[in-house]
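In terms of my numbering, the sequence shown opens at residue 21 and continues consecutively.
Here's the structure we're looking at; comments come further down.
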Amino acid sequence: MISLFRQSSPMNSARNHQHQSRRSRSRRLILESLENRLVFAATASVTISAPAEVMIGESAQVQVTLDNVDATDAGYGPFIDVYLARNGADGVAGVGTDGISYIADSATYLGTPVVTSVITFPAGPGNIGTVNHPYAVNAANVPLQVSGPTGDQLLVFELPFGSFTAEQPPATIAFNTQVSTLADLSTPLSIRSRGGFRYGNDPLDNPSTDPSLVSQVGTSASWSPQSTVTPTLVELSKTYLGPEDETATGPNFLREYRVNVDVASGQTLTAADVIDLLPNNVVLVSVQSITPTGTNTIFPTPTPANPNGNLAVVNYPSIVGTTAITDATFVYSFYVPFRDANTAFVLNPTSGDDSVSENNVRLVASWTPIDVRDSSAPGNVVVDAAGPEHVLTPKSIATQKSVALVNDTGGVGYSPGDTIEYTILFQISDYFAFDRLSLTDRLSDGQRLDTSFTPTLSVTEQGVTTAGAIDLSNLEVTDFFSGGAPPVAPLTGEQQLVFNLSDELALRGGDAILLGGLVPSGGTTGPDPNQANFDSGATTGVFVFRAIVQDNF
Numbered sequence: 021m022i023s024l025f026r027q028s029s030p031m032n033s034a035r036n037h038q039h040q041s042r043r044s045r046s047r048r049l050i051l052e053s054l055e056n057r058l059v060f061a062a063t064a065s066v067t068i069s070a071p072a073e074v075m076i077g078e079s080a081q082v083q084v085t086l087d088n089v090d091a092t093d094a095g096y097g098p099f100i101d102v103y104l105a106r107n108g109a110d111g112v113a114g115v116g117t118d119g120i121s122y123i124a125d126s127a128t129y130l131g132t133p134v135v136t137s138v139i140t141f142p143a144g145p146g147n148i149g150t151v152n153h154p155y156a157v158n159a160a161n162v163p164l165q166v167s168g169p170t171g172d173q174l175l176v177f178e179l180p181f182g183s184f185t186a187e188q189p190p191a192t193i194a195f196n197t198q199v200s201t202l203a204d205l206s207t208p209l210s211i212r213s214r215g216g217f218r219y220g221n222d223p224l225d226n227p228s229t230d231p232s233l234v235s236q237v238g239t240s241a242s243w244s245p246q247s248t249v250t251p252t253l254v255e256l257s258k259t260y261l262g263p264e265d266e267t268a269t270g271p272n273f274l275r276e277y278r279v280n281v282d283v284a285s286g287q288t289l290t291a292a293d294v295i296d297l298l299p300n301n302v303v304l305v306s307v308q309s310i311t312p313t314g315t316n317t318i319f320p321t322p323t324p325a326n327p328n329g330n331l332a333v334v335n336y337p338s339i340v341g342t343t344a345i346t347d348a349t350f351v352y353s354f355y356v357p358f359r360d361a362n363t364a365f366v367l368n369p370t371s372g373d374d375s376v377s378e379n380n381v382r383l384v385a386s387w388t389p390i391d392v393r394d395s396s397a398p399g400n401v402v403v404d405a406a407g408p409e410h411v412l413t414p415k416s417i418a419t420q421k422s423v424a425l426v427n428d429t430g431g432v433g434y435s436p437g438d439t440i441e442y443t444i445l446f447q448i449s450d451y452f453a454f455d456r457l458s459l460t461d462r463l464s465d466g467q468r469l470d471t472s473f474t475p476t477l478s479v480t481e482q483g484v485t486t487a488g489a490i491d492l493s494n495l496e497v498t499d500f501f502s503g504g505a506p507p508v509a510p511l512t513g514e515q516q517l518v519f520n521l522s523d524e525l526a527l528r529g530g531d532a533i534l535l536g537g538l539v540p541s542g543g544t545t546g547p548d549p550n551q552a553n554f555d556s557g558a559t560t561g562v563f564v565f566r567a568i569v570q571d572n573f
């Protein structure tokens with residue numbers, strides 16, 4: 021028998037020791053790397069933005085935003101999970117659903133479509149189904165499980181970039197949802213979300229050492245943040261058809277309100293009463309129009325009434341909801357009187373200070389839901405939002421300012437060298453007279469009065485109109501900037517213009533006092549201004565001046 025035997029030399033022993041030392045050090049590095057990943061793992065955070073209310077049967081956009089909130093580490097393969105309550109209030113296991121669902125191919129990132137997985141939770145014990153996540157896996161390379169009510173939806177959005185650094189701004193996915201035409205009125209529908217990184221903390225597909233990361237584990241029912249969308253049926257709004265939510269007082273300043281009713285598309289209201297309750301310092305005059313056909317059932321005589329009496333009621337036999345913004349509307353005219361229904365002055369006759377008129381609208385109607393599982397009854401719809409639908413400001417003198425670009429010398433839009441024209445409209449209350457009247461305007465830093473254009477003034481009083489360029493002696497200019505003539509502190513860069521209107525009217529040979537339409541030249545000598553005794557029409561004015569946009573501010 022021959023035996024082979026090799027004795028280890030001291031050199032071979034040293035090599036073995038070095039090899040074992042390298043393997044030991046490698047194991048330590050792997051362990052340290054795993055520990056670092058646990059301590060410094062990228063962290064996904066998600067927020068949801070969804071409308072609080074959506075009309076039954078209509079669509080709404082939802083936004084989910086992913087952020088990596090870790091201080092240093094990047095995450096790889098970012099995705100967002102979204103749960104939608106597709107079953108709704110009455111659906112069971114995906115049958116008879118009346119909730120909220122995803123509209124196919126609607127998800128985008130910065131306007132570009134994103135890869136989306138739409139998964140319906142399958143049948144399962146207790147109507148809770150479980151699915152494999154399309155991206156996320158554990159350390160054994162087994163897909164993470166996601167559970168949710170059978171029939172509800174799981175959306176998985178793949179963000180269109182490979183990594184998400186700690187410094188990267190949040191990324192928002194926008195997508196559209198559909199609220200069922202069978203949705204239960206005023207029953208909130210849940211939206212929940214979480215985020216994650218498919219490849220964990222490095223770009224390698226190595227789940228045994230770097231599994232997927234998710235912001236939250238557990239069933240979809242436990243995810244936060246949570247948002248809710250509440251199905252609604254009717255929206256009421258009121259539009260003031262006058263200038264800037266204000267009006268000069270008196271019958272020569274007849275104004276209009278439009279009341280709008282929007283019904284969820286495909287739904288029908290019957291026996292709908294739209295009730296507009298005005299304050300006791302407004303006089304209703306007449307209904308101008310009703311669309312579709314309806315009946316003006318209550319309307320007071322043209323004198324102000326106290327609450328519960330100063331109202332306009334229009335009855336619609338039927339209002340059918342469409343995709344239009346407005347499904348029913350009516351318009352009526354009104355004005356603000358000298359005294360309210362309690363004979364108190366609407367405006368202080370000495371100071372002429374502003375007042376307030378708050379307007380409230382509500383609706384009472386009957387509705388039969390499309391979903392026969394939902395109850396219906398006469399008068400089962402009442403819409404009365406908290407607070408006024410509109411707040412009007414009655415004034416003794418009202419002004420409105422508009423602007424137009426009249427000489428565009430540079431690029432399109434406002435730029436240095438351009439000429440801007442300002443128009444100021446003003447109205448004098450029918451019940452007041454003004455002396456020593458001036459108009460003050462401030463041009464912001466970067467604008468200067470155009471001295472090549474002489475401002476103009478047009479005034480209509482007691483049926484007579486006077487118009488023309490103003491005398492520059494009636495224009496005072498104050499420069500709040502260095503280089504002005506002279507500059508005045510504080511040096512804000514602004515320019516103040518004061519136009520002495522009364523002096524201008526006197527210079528034109530007229531009366532320096534501006535009289536309201538119901539105020540005769542000698543005054544009323546005691547009694548309240550009254551349209552039956554004297555009415556010369558509205559007293560109004562138009563003032564126009566120009567400014568130049570500056571290059572330096």
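No residue lacks a Cβ here, since even glycine has one placed at the ideal position from N, Cα and C.
Note that this is a predicted model, so its numbers are computed, not measured.
query = Is the stretch 299-306 close to the stretch 319-328, with three or more CB pairs under 8 Å?
reply = For the pair of segments examined, the stretch 299-306 was found to touch the stretch 319-328: the number of CB pairs separated by less than 8 Å reaches three.
key: ASP296 vs LEU331 beta-carbon contact at 9 Å   = It is a contact, given that the beta carbons lie within the stated cut-off.
Cβ-Cβ distance between ILE123 and ALA203 below 9 Å = No.
query = Short check: CB of GLU266 to CB of PHE354, under 9 Å?
reply = Taking 9 Å as the Cβ cut-off, GLU266 and PHE354 do not qualify as a contacting pair.
query = Who are the near neighbours of SER396 in its chain, counting only those whose CB is closer than 8 Å to its CB and skipping five residues on each side?
reply = So the list reads SER386, TRP387, THR388, PRO389, once near-sequence residues are dropped.
message = Rounded to the nearest angstrom, what separates GLY488 and THR363 at their Cα positions?
response = Going from the Cα of GLY488 to the Cα of THR363 covers about 41 Å.
query = How long is the line joining the alpha carbons of LEU175 and PHE217, rounded to whole angstroms?
reply = Computed Cα separation, rounded: 15 Å.
ask   = Helix, strand or coil: which one does DSSP assign to ASN400?
value = Looking at ASN400 - three-state DSSP - the assignment turns out to be strand.
query = Considering ASP523, what are the terminal residues of the alpha helix (DSSP H) in which it resides?
reply = ASP523 -> alpha helix (DSSP H) spans 521-527.
request  = Say yes only if the C-beta of PHE141 is nearer than 8 Å to one or more non-hydrogen atoms of the ligand MG, and no if none qualify.
outcome  = This structure lacks the ligand MG; in fact it carries no ligand of any kind.
ask   = Exposed or buried, what is ASN572 when buried is set at 16 or more other beta-carbons lying within 10 Å of its beta-carbon?
value = Exposed.
key: Segment limits, beta strand (DSSP E) that includes GLY561   = In the DSSP assignment, GLY561 falls within the unbroken beta strand (DSSP E) covering 559-569.
ask   = Residue range of the beta strand (DSSP E) that PHE99 falls in?
value = In the DSSP assignment, PHE99 falls within the beta strand (DSSP E) that extends over 95-104.
Nearest-angstrom Cα separation, counted from ILE568 out to ASP523 = So the two alpha carbons sit approximately 26 Å from each other.
task = Kindly indicate the opening and closing residues of the beta strand (DSSP E) around THR376.
result = At residue 376 the sequence reads Val, which differs from the Thr that was named. Boundaries cannot be given for VAL376, as no beta strand (DSSP E) includes it and DSSP labels it neither H nor E.
task = Consult DSSP for ALA241 and reduce its assignment to one of helix, strand or coil.
result = DSSP places ALA241 in helix when its eight states are reduced to three.
key: Cβ neighbours of THR476 in the same chain (closer than 6 Å, five flanking residues each side left out)   = Hits under 6 Å: ALA489, VAL564.
ask   = For PRO299, which residues of its own chain have a beta-carbon under 6 Å away from its beta-carbon, when the five flanking residues on both sides are left out?
value = Contacts found: SER377, GLU378.
inquiry  = Which complete alpha helix (DSSP H) runs does the stretch 313-378 hold, if anything under 4 residues is left out?
reply    = Here no run is fully enclosed.
message = Taking a contact to mean a Cβ-Cβ separation below 9 Å, would you say ALA268 touches SER416 in this structure?
response = Their beta carbons are under 9 Å apart, which means ALA268 touches SER416 by this criterion.
request  = Determine the closest residue to ASN335 out of ALA361, ARG359, SER371, ALA292, with distance taken between C-alpha atoms.
outcome  = When ALA361, ARG359, SER371, ALA292 are compared, the shortest CA-CA separation from ASN335 is found for ALA292.
ask   = Hey, GLN173 and LEU274 are a contact pair by Cβ (cut 8 Å); roughly how many whole angstroms apart?
value = Contact check for GLN173 and LEU274: beta-carbon distance about 54 Å, past the 8 Å limit, so the pair fails to qualify.
ask   = Three-state secondary structure (DSSP) at ASN280?
value = Secondary structure at ASN280: strand, using DSSP grouped into helix, strand and coil.
With 16 other Cβ atoms within 10 Å as the buried cut-off, status of GLY546 = So GLY546 counts as exposed.
inquiry  = Please return the same chain residues whose Cβ sits closer than 8 Å to the Cβ of PRO208, not counting the five positions on each side in sequence.
reply    = Contacts found: THR248, VAL249, THR250.
Interface flag, THR250 vs chain E, CB-CB below 9 Å = Included in the structure is just one protein chain, with no chain E present.
query = For THR170, which of ALA127, GLY466, ALA405, SER240 has the nearest alpha-carbon?
reply = Of the candidates ALA127, GLY466, ALA405, SER240, the one whose C-alpha sits nearest the C-alpha of THR170 is SER240.
query = Would you call SER464 buried or exposed, if buried means 16 or more other Cβ atoms sit within 10 Å of its Cβ?
reply = Counting Cβ neighbours within 10 Å, SER464 comes out exposed, since fewer than 16 surround it.
Ranges of the beta strand (DSSP E) found wholly within the stretch 186-217, counting only runs of at least 3 = Qualifying beta strand (DSSP E) stretches, in chain order: 191-199.
request  = Would you list the one or two residues that DSSP bridges to GLU496?
outcome  = GLU496 is bridged by DSSP to VAL518.
request  = State whether the stretch 66-79 contacts the stretch 252-259, with contact taken as three or more CB pairs (one from each stretch) at a distance under 8 Å.
outcome  = Contact between the stretch 66-79 and the stretch 252-259 is present, because at least three Cβ pairs lie under 8 Å.
ask   = Excluding five sequence neighbours on each side, which residues of the same chain lie with their C-beta closer than 8 Å to the C-beta of ASP225?
value = The residues are TYR219.
ask   = What's the call for PRO145, buried or exposed, on a 16-neighbour Cβ count within 10 Å?
value = For PRO145, the number of other beta carbons within 10 angstroms of its own is below 16, and it is reported as exposed.
ask   = Which class does PRO507 belong to by DSSP, given the choice of helix, strand or coil?
value = PRO507 sits in a strand when the DSSP states are folded into three classes.
query = Along the chain, where does the beta strand (DSSP E) that runs through GLU441 open and close?
reply = Here the beta strand (DSSP E) through GLU441 covers 439-448.
query = Using the C-alpha atoms, what's the distance from ALA348 back to THR311?
reply = A straight-line Cα-Cα distance of about 5 Å links THR311 and ALA348.
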